[in-house]
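Enquirer:
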DNA sequence: TTAAATTTTCAGAATAATTTGAAAGTTTGT
DNA sequence: ACAAACTTTCAAATTATTCTGAAAATTTAA
């Protein structure tokens, strides 16, 4: 397979992959494009390669910067901004986990905390089923929270090395 | 907080939560509703409680059954179908992980395998950056694959107990 | 076999998400 | 201060997704 074709397929697939995870297609495609670009790209480059408008490019680049997956690069002698993506995928994964945990898991756990305090007789089956369900979810959610917290702090060698062995023999 | 209010808030939040994960709102809400219902519900119950049409209810219930998160229940003396959700959240998590791994991670790893065989001179910076990116993603993806595979097979006690200690001292 | 009960389907309607493009805003060099 | 280069914004257009509701299909009881 030729490089150009492979790149194109990667960008398209990464975009499709993103949509399954609540990330919009273009944002994922821009990220993919930057991941496989040796040099930083400017807005025009991205607009051209993905066939998108200036506004769209701008908004999604902004969003990627907000997620700390992309950063601005100053190139001396150039007036416009260039962008580059973090190439260490392990860092990327940790960054995404960190952000999504903060934006989604943490608020959910907070809510579950409130909901577990529902009033009513525990011998009432309706009440019991509800509090049981909430407490169950809370318990698993809190464990996920701790696990992800550790994952965020872990370095890749530890993850790829020790964890694998532990899982195998655990 | 009263039970009815708490239920409503849970169903709504679970629905919103789902949308961040590529799951449609109604599907997540039906799941939430069944999670906190002591008795199986029929299509009518679900339509009523969520204010949705018969077609919508039917399609999303089907989808939940397809994901093996909900199952049909026969109630003797009743002609219509009833539905119930798996209440053990750990099982639910494993089931979702299993399905998403099969539907998303496995195909992605297959694609990365193909893409890593791109032709061209490795001293060409364009080629090198591409293959490096692909191989990096593949490596992390394969580790995630093994980890999730183990998680799918693990039982909850192991997850809540051993893993936590391992993570803490790892 | 018949018909009532129930489920399924799917074209069209409604809603939501994304994208465009041009105008407004900002920055930079002179 | 000026204007060219560049970035940002956002109303309107487009596209994608979800939902409805009524008709068709299926199942069940007698």
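Protein chains in written order, with our numbering: chain V, 128 to 297; chain L, 128 to 297. Every residue, glycine too, gets a C-beta built ideally from N, C-alpha and C.
So does the stretch 181 to 192 of chain L actually touch the stretch 269 to 287 of chain V, counting three or more Cβ pairs closer than 8 Å?
Expert: At 8 Å Cβ cutoff, the stretches do not touch.
Enquirer: In or out: residue 234/L buried (at least 16 other Cβ within 10 Å) or exposed?
Expert: Per the 10 Å Cβ criterion, exposed.
Enquirer: Could you check whether the Cβ of residue 175/L sits closer than 7 Å to any heavy atom belonging to the ligand MG?
Expert: The model on display carries no ligand, and the ligand MG is accordingly not part of it.
Enquirer: Taking 8 Å as the CB-CB cut-off, is residue 261/L touching chain V?
Expert: Yes, because at least one Cβ of chain V sits closer than 8 Å to the Cβ of residue 261/L.
Enquirer: Would you mind working out which of 159/V, 269/V and 198/V sits nearest residue 209/V, comparing C-alpha positions?
Expert: When only C-alpha atoms are compared, the closest one is 198/V.
Enquirer: Please look up how many angstroms separate the CB atoms of residue 267/V and residue 220/L, rounded, as I've assumed it's under 8 Å.
Expert: At roughly 6 Å, the Cβ-Cβ gap stays under 8 Å, so residue 267/V and residue 220/L are in contact.
Enquirer: Is the CB-CB distance between residue 140/V and residue 256/L below 8 Å?
Expert: Not a contact, by the Cβ cut-off of 8 Å.
Enquirer: For residue 213/L, which residues from the same chain have a beta carbon less than 7 Å from its beta carbon, with the 5 sequence-adjacent residues on both sides left out?
Expert: So the qualifying residues of the chain are 196 and 219.
Enquirer: Helix, strand or coil: which one does DSSP assign to residue 195/V?
Expert: Residue 195/V: coil per DSSP, three-state reduction.
Enquirer: So what does residue 209/V bridge to, in DSSP terms?
Expert: Beta-bridge pairing links residue 209/V to 169/V and 200/V.
Enquirer: Going along chain L in order, which residues have a C-beta closer than 8 Å to the C-beta of residue 149/V?
Expert: Residues of chain L passing the Cβ test: 146, 147, 148 and 149.
Enquirer: Give me the chain L residues within the contact set of residue 133/V, using Cβ-Cβ distance strictly less than 7 Å, ordered along the chain.
Expert: Those within 7 Å of residue 133/V in chain L are 242, 245 and 257.
Enquirer: Would you call the stretch 244 to 260 of chain V and the stretch 160 to 175 of chain L in contact, with 3 or more CB pairs under 8 Å?
Expert: Contact holds: three or more Cβ-Cβ distances are below 8 Å.
Enquirer: Please decide whether residue 168/V counts as near chain L, where near means a Cβ-Cβ distance under 8 Å.
Expert: No, residue 168/V does not count as interfacial toward chain L.
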